[in-house]
């Protein structure tokens, strides 16, 4: 006869499972698992002629890494198109085209980049906390807010998106914070050359606030002229170099009000690939004013440069910058993290051409 007043004893294995479940539930989500530099990165030479430490045109090369297509917190380190440096946290943030945010820590020997470790990976979220998907996840441009104010823990990110063109503020763990309103010229999706040629870049200007730009000229724009716009509606006409399929893919504002810009052009089937690092003079008010641009360095794969589809740019210290390439999730392409220093000052006698596009001042 069974005593119904007495509860049967719970099997020992069941008690152990329940205890483990309660421990996991109490502790919350698993902590990010760091990935060592040796797992994530390997040294890479862009050229047999210009090695790390060499000067080329207006730059000095300070190291490059090939990133291995592994996962950080389950997120694949592929299609990286945006970068931002957080001085307070000493973290290099990287953004993928698929709506993933990575935390990396660069490693140096002296002034040269020698390694990169992975700290964490986060999926970008929508206002309801769901992971972004499909066209809404096409994140491209990345920039910092509060990343160098000496206050740890208050950093935020601003992200530009393609296909569903928009700007939004995010936490450093991928949580949506708020939208940032676009000026009227950028608010209509039909105004862009195509759905995949919209807001590729974003930066914070010391005088004009948030700046963003499509990668190709918009409908009705002059050939070779891309509009850079502040969110307050001030615009500048930016002349691209005269290179096939050229696009403005990244920009970084400096404290003097000038921009460092990154352009990517290519021939048929991405052969050759031509990457141009350029500088504008300090921007001044005046809607649709022509930006004065000089060219600092040009990497052309037909000239022996082992480059790829560079799309991301972030200032580190002084005039030293990180660049990253988007491998398009293609096994034939490579994710490269490049570190370089701009050595040439802006030429004081530079004046933009009166007519035509794609012109430049080479020095």
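Numbering (the working numbering), first residue to last: 317 to 679. Ideal Cβ positions, reconstructed from N, Cα and C, are used throughout, including at glycine. From a predicted model like this one, the values you see are computed outputs, not experimental measurements.
Worksheet entry | Short Cβ contact (9 Å threshold) for residue 574 with residue 598 | yes
Item to complete: Would you identify the three-state DSSP class for residue 586, choosing helix, strand or coil?
Response: helix
Worksheet item: In this structure, does DSSP put residue 627 in helix, strand or coil?
Response: strand
Item to complete: Buried or exposed for residue 538, please, with buried defined as at least 16 other CB atoms from any protein chain shown within 10 angstroms of its CB.
Response: exposed
Worksheet item: Would you call the region 445-460 and the region 418-436 touching, i.e. three or more CB-CB distances under 8 Å?
Response: no
Discussion item. When you compare the region 368-376 with the region 394-411, are there three or more beta-carbon pairs, one atom per stretch, that lie closer than 8 Å?
Written reply: no
Worksheet item: Mind checking residue 633: buried by the 16 CB within 10 Å criterion, or exposed?
Response: exposed
Worksheet item: Which residue spans inside the region 542-569 form an unbroken beta strand (DSSP E) run of at least 3?
Response: 551-555 and 563-569
Discussion item. Considering only their Cβ atoms, is the gap separating residue 577 from residue 374 smaller than 9 Å?
Written reply: no
Worksheet item: When the Cα of residue 412 is compared with those of 640, 560, 586 and 352, which residue comes out closest?
Response: 640
Discussion item. Rounded to the nearest angstrom, what separates residue 456 and residue 544 at their Cα positions?
Written reply: 16 Å
Practice prompt. Over the uninterrupted beta strand (DSSP E) stretch that includes residue 397, give me the two end residues.
Written response: 396-402
Discussion item. Closest to residue 596 by C-alpha separation, out of 561, 588, 553 and 587, would be which residue?
Written reply: 553
Worksheet entry | Reference residue 389, options 352, 572, 379 and 531, closest by Cα | 352
Worksheet entry | Nonlocal neighbours in the same chain, by C-beta distance under 7 Å from residue 642, ignoring five residues either side | 395, 396, 397, 413, 625 and 627
Discussion item. Quick check on this structure: which residue in 503, 541, 570 and 505 has the alpha carbon closest to the alpha carbon of residue 524?
Written reply: 570
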